[in-house]
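Following: one structure in structure tokens, then a few remarks.
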Amino acid sequence: MNAPTSNTSSNGTGGASNGATERTDVLVVGSGFGGAIAAYHLAAGGANVVVLERGPWLEGKDFDHDYLLGSSYTRVFDFVAGDGMSVLGGNCVGGGSVVYFAALPRAPRFIFERNGSIGRRMWPSGVDRDTLDPWYDRVAEALPARTQGWDDVSYPGGLWAAACHNAGHTANPVPVGIDTAKCTNCNWMMAGCKFDAKRSLLFNYLPAAQAHGAQIRPLHEVQHLTRTSDGGYRVHYNVVDGEDYRVHTGSGTIEAKIVILAAGAGATPVILQRSEPHLGTMPHAVGRYFSGNGERLYTVAMNEDRVRDVLGLSRSDGRAYEAFQIGKGPTVACWDYLDGSRPEYERFSLEQLYFPPGLGTILAQAPGVTSGPTWFGAEKKKFLEKWKSWLIIFQMTEDDNEGVFGPPPPTGNSFRISQQMLGRGALRYDPTPNTLRGWRLADEACKDILERDGLSVGAPWTNDVVGAYTVHPLASCRIGDDPATSALDDRHELRDHPGIFVTDGSAVPCGLTVNPAMTIAALAERSIPGIVHAAQQRGIDVKYGAPAPNGATTGRRGVVKLVPTLVPD
Amino acid sequence: MDDEQIRTMTLEAFADTIVPGEKRSPDDRAIAGVSHGGGAVEAGAIELLELPATGVAAGLGPMSQMLNLHAQAYAAEHGLTLDDDVPAFVALAYEHRAALIQRLTAPGHPERDGWVLLVLFSNMAFDLAAHLNTAEALAAGHPGLTAMGFAKPEADGLWRFPEFSYGRPLASLHPDTIASGSLG
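First to last, the sequence lines map onto chains A and B. Those letters in the first sequence? Residues 14 to 582, by the numbering used here. Those letters in the second sequence? Residues -16 to 167, by the numbering used here.
Printed below as a string of structure tokens:
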């Protein structure tokens, strides 16, 4: 329908530069929430759209139940170790939505009033929970997001709920983007869902964008941007080998009038850093104020007898628990500490979570060790032998946006070590006393709930091996009203570089104390009217107003009144 | 003992420090024998480390040499006499191997990145069997996955858990919960 105009033979798969120039209206970097939502709305509105995605394009039949190196488990996400912080992120068409656990809570109301490290409200004045709710509704309709009943809650989630109740706390089944009728509770969702139960972007925004003519090109890793003589941008990419991501098989450029960066909070700022010699000085906040969403993990081994005797739990086969492996990521969270009356940095959620072995076992510490190593060795092995009785609690706290990116590596966002997944990046994260206090309080809450009445013994993950650890990188190129502390304006446009927008997790100003996918997506939806307006100003024939990818229109009606507020006078 | 034997023995001793196992024979020197059952070595740590996909295979020789130099320095520092029939790191008792690895992987150590990689892959051999198809590894009794109690798949090689829920309310909901399932 709206194929990009080109005077080249490039089909996006070979990618070798042939000296000719390919052009499109809108170039989107990355195909996770930020990229897919933008690609859909702009293509549906009439623009020519090309999406460059650094990872492969896999779907249900390609997703493996296998930890073998080279299976989908290592192909679809990246683990980038930094100094003091390691980041897990999606690396495939669909980005984080393919590898995530599909938990979709909205950010608590107090989050939008946070001051953080700058001593005044971090969010743009135009964004609070009330103004974002209609955009949350749009996303919820599109994916769709749904609530879970107690019948949907896995054994580990039920156990966590019962432990919370035993300690006088509430606990909630979390809203999710999962078709529970298709879900087998296999817990392989980090390798991509083989049963099409997870409603990733492969089922909504991305196919709808394609239906409107958007081109999605996998294994195209954008390196930097330069300017064109007409005020647009030239996007420079490498083509990545489909098996060994350390190998580049070609390179090329595409010119666009509008560029939307959505490569993820661990990669978007790196592209901009590398572009600085060509584009000119970047806003100070590019590559600064990174937040790991205050994340930290706490692992316990349950005492099966106490689970039965204290909590009154038993499975149909008579066992009390022994079910760590069973389920679908997180199903239940305790939100009692998400209390806006508590001081900043002392609010957090405690969410039951499954992490597969490897990533989910290496950093766990054996509890009660008084001498010798805690995260490896004989005591750790004994702890591993209780793996079936493990429970992991995911703490999402308020950190201090203390992450800073160092100089970019030669290509991509890391120096790749392994053929897939493992790389070394330039992010530095030295947790402040505020962040450390939040972690300590969350640890104490976990301990209080889980060790009460002899239910379990456990410990937080060590930060001494790969630093802190986040699956929800945020804020490295954030929106705000203050040019000194935000890289983007209220409409997600990069300050001093008109025509470049950022719509991924880097735009979120701070840690959210809950899983951020819903907020990243809602902000991306909210950014679209402004991007469409900028595109129109650049002569692109595009309109705002597409329904949800499935044709539903309730969400669109809900934002009608807000759209004029997002377009410049 | 040739260079290849020194390298393998040193790496085995390193992996065994991360996830210890029982000796393969009474005269096994690489494995310290401080744990029962198979450890990282039995699980396939050397096979995994040597795969080109890991990106560390080319550095294994130099790293094993460095580890033995560190072990000699550690022994001198602690007044330990090392048996020279085996590489220096292998000659260390388990608690000293562990203490040295803690030192090498501690924040601030200049070689930390490389040693952390060896630790990661040693672990991954045991608790992930990353060099093997998971279903086949389980069928063959892989020591790590078996010790952890990792469930076996169904006949088609896929995991499904039809019984997955206690199926009843187990806590009160937060009072501010709204229809979307989030807090209002």
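Just so it is clear, CB atoms sit at the ideal spot from N, CA and C, and this is done for glycine as well.
How should residue i be labelled, buried or exposed, when 16 other C-beta atoms within 10 angstroms of its C-beta is the threshold for buried?
i             : result
residue 451/A : buried
residue 402/A : buried
residue 579/A : buried
residue 254/A : exposed
residue 66/B  : exposed
residue 583/A : Nothing about residue 583/A can be read from this structure; chain A reaches only from 14 to 582.
residue 76/B  : exposed
residue 511/A : exposed
residue 341/A : buried
residue 61/B  : exposed
residue 336/A : buried
residue 252/A : buried
residue 573/A : exposed
residue 151/A : buried
residue -13/B : exposed
residue 4/B   : buried
residue 207/A : buried
residue 15/A  : In this prediction, residue 15/A scores a pLDDT of 49, lower than 50, which makes its location untrustworthy; no coordinate-derived value is stated.
residue -16/B : exposed
residue 211/A : buried
Give the single residue among the options whose Cα lies nearest to the Cα of residue i.
i             : options                    : result
residue 229/A : 151/A, 570/A, 515/A, 61/A  : 61/A
residue 244/A : 551/A, 163/A, 359/A        : 551/A
residue 388/A : -4/B, 46/B, 89/B           : 89/B
residue 467/A : 319/A, 199/A, 94/A         : 319/A
residue 553/A : 544/A, 198/A, 561/A, 560/A : 544/A
residue 148/B : 330/A, 147/A, 360/A, 246/A : 330/A
residue 297/A : 80/A, 304/A, 286/A, 291/A  : 286/A
residue 31/B  : 82/B, 68/B, -13/B, 101/B   : 101/B
residue 584/A : 497/A, 492/A, 83/A, 499/A  : No answer is possible for residue 584/A: it lies beyond the span of chain A, which begins at 14 and ends at 582.
residue 302/A : 582/A, 444/A, 79/A, 464/A  : 444/A
residue 107/A : 95/A, 117/A, 69/A          : 69/A
residue 532/A : 33/A, 391/A, 47/A          : 47/A
residue 411/A : 353/A, 386/A, 538/A, 405/A : 353/A
residue 111/A : 198/A, 158/A, 215/A        : 215/A
residue 238/A : 133/A, 218/A, 294/A        : 294/A
residue 165/A : 515/A, 65/A, 198/A         : 198/A
residue 356/A : 129/A, 232/A, 142/A, 95/A  : 129/A
residue 350/A : 432/A, 500/A, 567/A, 456/A : 456/A
residue 548/A : 42/A, 497/A, 346/A, 59/A   : 59/A
residue 347/A : 157/B, 118/B, 164/B, 69/B  : 157/B
residue 338/A : 202/A, 291/A, 375/A, 263/A : 202/A
residue 94/B  : 37/B, 166/B, 46/B          : 46/B
residue 119/A : 453/A, 133/A, 103/A, 142/A : 142/A
To which residues of the same chain is residue i closer than 6 Å at the C-beta, ignoring the five residues directly before and after it?
i             : result
residue 109/B : 2, 23, 26, 127
residue 393/A : 379
Kindly list the residues whose CB is nearer than 7 Å to the CB of residue i, restricted to its own chain and excluding five residues on each side of it in sequence; keep chain order.
i             : result
residue 143/B : 137
residue 585/A : Past the edges of chain A, shown from 14 to 582, lies residue 585/A, and the structure says nothing about it.
residue 140/A : 125
residue 542/A : 557, 576, 579, 580
residue 494/A : 137, 138, 503
residue 426/A : 93, 279, 280, 283, 438
residue 258/A : 429, 432, 433
residue 81/B  : 0
Would you check whether the ligand FAD has a heavy atom nearer than 7 Å to the C-beta of residue i?
i            : result
residue 38/B : Looking at this structure, you won't find the ligand FAD or any other ligand, since it has none at all.
For residue i, go through chain B and note every residue whose CB falls closer than 9 Å to its CB, in chain order.
i             : result
residue 401/A : 131, 132, 133, 134
residue 371/A : 103, 106, 107, 110, 111, 113
residue 479/A : 99, 103
residue 467/A : Neighbours of residue 467/A on chain B: none; closest Cβ ~19 Å, over 9 Å.
Whose Cβ in chain A lies nearer than 7 Å to the Cβ of residue i?
i             : result
residue 144/B : 197, 198, 199, 339
residue 151/B : 163
residue -7/B  : Ordered by position in chain A, no residue passes the 7 Å Cβ test against residue -7/B, which lies about 17 Å from the chain.
Please return the same chain residues whose Cβ sits closer than 8 Å to the Cβ of residue i, not counting the five positions on each side in sequence.
i             : result
residue 92/A  : 99, 100, 101, 372, 434, 435, 436
residue 75/A  : 85, 205
residue 428/A : 422, 436, 437, 438
residue 325/A : 175
So which residues on chain B does residue i lean against when the C-beta distance must stay under 7 Å?
i             : result
residue 425/A : Going along chain B, no residue has its Cβ under 7 Å from residue 425/A, so there is no contact; the nearest lies around 14 Å.
residue 453/A : Chain B residues near residue 453/A: none, gap ~19 Å exceeds 7 Å.
Original post:
Is the segment 352 to 368 of chain A touching the segment 414 to 434 of chain A in the sense that three or more CB pairs, one from each, lie closer than 8 Å?
Top reply: no
Original post:
Should the segment -11 to -4 of chain B be called in touch with the segment 46 to 56 of chain B, which here means at least 3 C-beta pairs below 8 Å?
Top reply: yes
**OP:** Say whether the segment 513 to 524 of chain A touches the segment 266 to 279 of chain A, bearing in mind that this needs 3 or more beta-carbon pairs closer than 8 Å, one atom from each stretch.
**Re:** yes
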